[in-house]
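Heads up: the sequence shown begins at 1 in UniProt numbering, then just goes up one per residue.
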Amino acid sequence: MSADDIPGRRPDALTALLNALVDRIEAKPFAERRRDIGFPLSAGTWPEFFSIALHGERMFVWRALEALQAQPGFALMLDQRRGQRDLDIWERSPKLVIAAQAEAFLRDETGRQPNAVVAWMAQWRKAVPARVNNAALCERLLSRPILILPRSPEQVLERFAGIPALASESLMLHEVASRQFWGLSKVLNGQQEAIALLLDTEVCPFPDKPVQLLVAARTADPAAPVLFVENAATFESMAAGRLSAAEGFVLIFASGYKASARRLRQPGGSSVYFAPSVFERNAALGRSFLAWLHGTDDTRPVHFWGDLDFAGMDILKELRVVFPDAQAWKAGYEALLARLLAEESHAADEARKSGQTDPGFTGCPYADEVLLPALRRHGRFVDQESL
């Protein structure tokens, strides 16, 4: 079955969706992906459909979409929970799952044939086995290409092969990348395993740039509990004393997911910047903080407070890998939860959060038993800056 078999002219909204899917493929080709493409269908990702006012017209477009499932590589997923079954089908958290087999159909129907990236990737798949003898390294480079246009794959692999000459220098990963790859400092991000295989070392010898931690304190106690804060504006407000619940805490800002970086507790893995107002008067506070951060003590209470959304819960989940007993900060989240229950909240699409996914289980009882169920039940979020 082709799109021409769908009765009548293809709806404009469906054409827009097919083009959006090709956009997603071209942003990251299937050769660079480990999984199929998951494309949530919402007002943010498919505005052409959700702006249709008439129910009957929406249903016509939706049936045309369902017909595409006859094509290889297309699957339409819906929330099957009982409470969702009385909703219109497009209100049941629909998601298209697109496999590599669907690409040819999508390109034929949109008239958008493979661009330079796709052609480059085909050349890469030929060049890597021809130039790399180490089977494990070959497999790694095929799964994680070092894509640099308009450089050829052969040029990129030649520069990659020159990395061992820098192994004796004390360089960070971005410095190595910039020296080897035409001043491009970020092209080796995520390539540490490939570099270790190239150098035949257990780990990549070139560290990531340190995580920058801003540290303030609303206490003089060297053993005070620690509170990681997701957003800069809230951190500044708490550091200035405008949120009384922060009294008694050492406050840390590390910009979202960076707070959960595995290297955070390594002396070279983080750079700490203390707010002068407290630490200049109490040097012991700074010394004790650094000793704890770079030590192995897991008994100090650690809390996290961020937005009341799935991304915030995911940061907490990742933070618990570094600090196993880290907990969601009840004082902050209870206030955000009250706003959620009072309908002072926003939908995912309103804040460009439609790509967030439910982390499932964080390991923190309060988050797992109270916060996540509330997010799932209401389907709405609250930013911490609202307090």
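Note that CB positions come from ideal geometry on N, CA and C, so glycine has one too.
All values reported here derive from a predicted model rather than from experimental measurement.
When DSSP states are grouped into helix, strand and coil, LYS209 belongs to the coil group. By the criterion of at least three beta-carbon pairs nearer than 8 Å, the stretch 112–120 is not in contact with the stretch 84–100. Beta-bridge pairing by DSSP links PHE381 to HIS346. Contact between the stretch 325–339 and the stretch 291–307 is present, with at least three C-beta pairs closer than 8 Å. When the beta-carbon positions are compared, ARG125 and LEU142 come within less than 8 Å of each other. GLY269 sits in coil when the DSSP states are folded into three classes, being neither helix nor strand.
As for any beta strand (DSSP E) of minimum length 3 sitting wholly inside the stretch 82–143, the runs are 95–98, ordered along the chain. Counted as a single uninterrupted DSSP element, the alpha helix (DSSP H) harbouring HIS55 occupies residues 55–67.
Distance from the Cα of GLY190 is smallest, within the candidate group TRP182, VAL132, LYS209, LYS330, for LYS209. By the CB criterion at 8 Å, ILE146 and VAL132 fall outside the cutoff.
For MET77, the uninterrupted beta strand (DSSP E) run begins and ends at 74–77, by DSSP.
Beta-bridge partners of ILE252 (DSSP): VAL215, PHE228.
DSSP places ILE146 outside any alpha helix (DSSP H), giving it a letter other than H or E. Exclusion of the five residues before and after LYS317 leaves PRO359, THR362 as the residues of its chain whose Cβ lies within less than 6 Å of its Cβ.
Beta-bridge partners assigned by DSSP to ALA328: PHE304.
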